[in-house]
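First the structure, in the form of structure tokens, and then the observations on it.
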Amino acid sequence: MKQVAALQSNYIPWKGYFDIIHDVDLFVFYDDVQYTQRDWRNRNKIKTANGDLWLSVPVYSQNKYKQLIHEIVIDNTQNWQKKHFNSIKQSYSKTPFWNKYKVFFEYVYLEEKWTSLSELNQYLIKSISCDFLGCKTQFADSRDFASEGTKHKKLLSLVKATNADVYLSGSAAKDYIIESDYNKDSIEIIWKDYSGYPEYSQLHGEFCHNVSVLDLLFNTGDEAPYYIWGWCNK
1061 MKQVAALQSN YIPWKGYFDI IHDVDLFVFY DDVQYTQRDW RNRNKIKTAN GDLWLSVPVY
1121 SQNKYKQLIH EIVIDNTQNW QKKHFNSIKQ SYSKTPFWNK YKVFFEYVYL EEKWTSLSEL
1181 NQYLIKSISC DFLGCKTQFA DSRDFASEGT KHKKLLSLVK ATNADVYLSG SAAKDYIIES
1241 DYNKDSIEII WKDYSGYPEY SQLHGEFCHN VSVLDLLFNT GDEAPYYIWG WCNK
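Per my numbering, residue 1061 is the first one in the sequence shown, and the count goes up by one each step.
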């Protein structure tokens, strides 16, 4: 039984994103769809002593309403990489595992220069999944497969092209996925349940689940997988 998931790449996403990656055999970055503003594609939140802080990657605004995610170009005139690193350092330098991951994030933010939002997101997600969380999942890009149509039809076409037996999806996709069409093609849909994640020792006030996975990594280190999937014996 081949289990597949397909999601748009997000910027340093929350732990639930990695939970989906862990659950499947093949994870497809679905970046040949329209870029959406004020979404998770180019931003995420971290916890700070002054409350939640949005880290947003600036992108060029020209035609972005018509551009696909993989076409979005980062605006590097704003020195955003150094700003993001300094914000992350200020918020997490006193966590137990800051030093464990510091060198990697120094490379990402202070040594490498990124121009493609999709490439940045995919690099971060694959590195965190494989190197820090121990996922054995295979990764692919939706452009590697033939697909056609729009919205529901395009996604179904993509999933069929991967030869999936099971498609794992977040519940938000219920707004446009027609489950019976998948069943006609002998593909079972499983709706991801994000409930039940245990709390962990977290800095800066009241506990919050809906922040970047960076928070979990810096606070729990090698125990991070337990707080995503290990607690329920997956």
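Glycine included, each C-beta is placed from N, C-alpha and C at the ideal position.
Check                                                                                                                                       : Outcome
Using the C-alpha atoms, what's the distance from K1186 back to I1134?                                                                      : 20 Å
By the three-class DSSP mapping on this structure, what secondary structure does N1015 have?                                                : For the chain, the structure presents residues 1061 to 1294; residue 1015 sits outside this window and is missing.
Using the three-state DSSP reduction, which class does S1151 fall into: helix, strand or coil?                                              : helix
Determine the closest residue to S1153 out of T1108, E1171, I1129, E1172, with distance taken between C-alpha atoms.                        : T1108
If you reduce the DSSP assignment to three classes, tell me which class E1239 lands in.                                                     : helix
The beta strand (DSSP E) spanning T1108 covers which residue range?                                                                         : 1103-1108
Measure the CB-CB distance between S1217 and G1230 and report whether it falls below 8 Å.                                                   : no
What first and last residue would you give for the alpha helix (DSSP H) that runs through F1199?                                            : From DSSP, F1199 is part of no alpha helix (DSSP H) but of the beta strand (DSSP E) over 1198-1201.
For W1140 and V1117, which I take to be in contact (beta-carbon distance under 8 Å), what is that distance rounded to the nearest angstrom? : 6 Å
Helix, strand or coil for V1093 per DSSP?                                                                                                   : coil
Give me the Cα-Cα distance between I1247 and D1225, rounded to the nearest whole angstrom.                                                  : 5 Å
For N1091 versus S1202, is the C-beta distance shorter than 8 Å?                                                                            : A small correction: the amino acid at residue 1091 is Asp; Asn does not occupy that position in the sequence shown. Closer than 8 Å, so yes.
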